[in-house]
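Peer 1:
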Amino acid sequence: MSLLADCLSKTEEVAEDYCLGRLDAEAAVAFEAHYLACPRCAQLVESTQDFLMSFRLLMSRESVLAGSDTTFSAD
Ligand SMILES: [Zn+2]
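In case it helps, the numbering used here puts the sequence shown at residues 17 to 91.
(1) For T64 versus C23, is the C-beta spacing smaller than 8 Å?
(2) Could you check what DSSP says for A82 in three-state terms: helix, strand or coil?
(3) Does DSSP put L36 in a helix, a strand or coil?
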């Protein structure tokens with residue numbers, strides 16, 4: 017079992033990438049398998065997602081306040 021050894025190397029970075037959807041499918045699946053078995057990473061993912069959620073909430077509130085109707089276009 018090298019779960020914990022993997023964990024201690026660069027999990028924070030990976031957890032952040034995972035939460036941001038930056039990992040490719042294979043890496044995401046591998047990380048999911050890891051953090052579901054690893055309390056440390058589960059907590060890391062949870063706190064990162066919490067942070068991202070409040071950050072997005074803040075951003076969306078600000079763009080509503082600014083009256084922007086920004087939509088993503090192909091341009
Ligand atoms: Zn871990």
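Backbone N, C-alpha and C fix where the C-beta goes; we use that ideal spot for every residue, glycine too.
Peer 2: Well, looking at it:
(1) Position 48 of the sequence shown, counting from 1, holds the residue named residue 64. Position 7 of the sequence shown, counting from 1, holds the residue named residue 23. Cβ atoms of T64 and C23: not closer than 8 Å.
(2) For the purposes of this step, residue 82 is identified with residue 66 of the sequence shown, where counting begins at 1. Coil at A82, not helix or strand.
(3) For the purposes of this step, residue 36 is taken as the residue at position 20 of the sequence shown. Assigned with DSSP and collapsed to three states, L36 falls in coil, not helix or strand.
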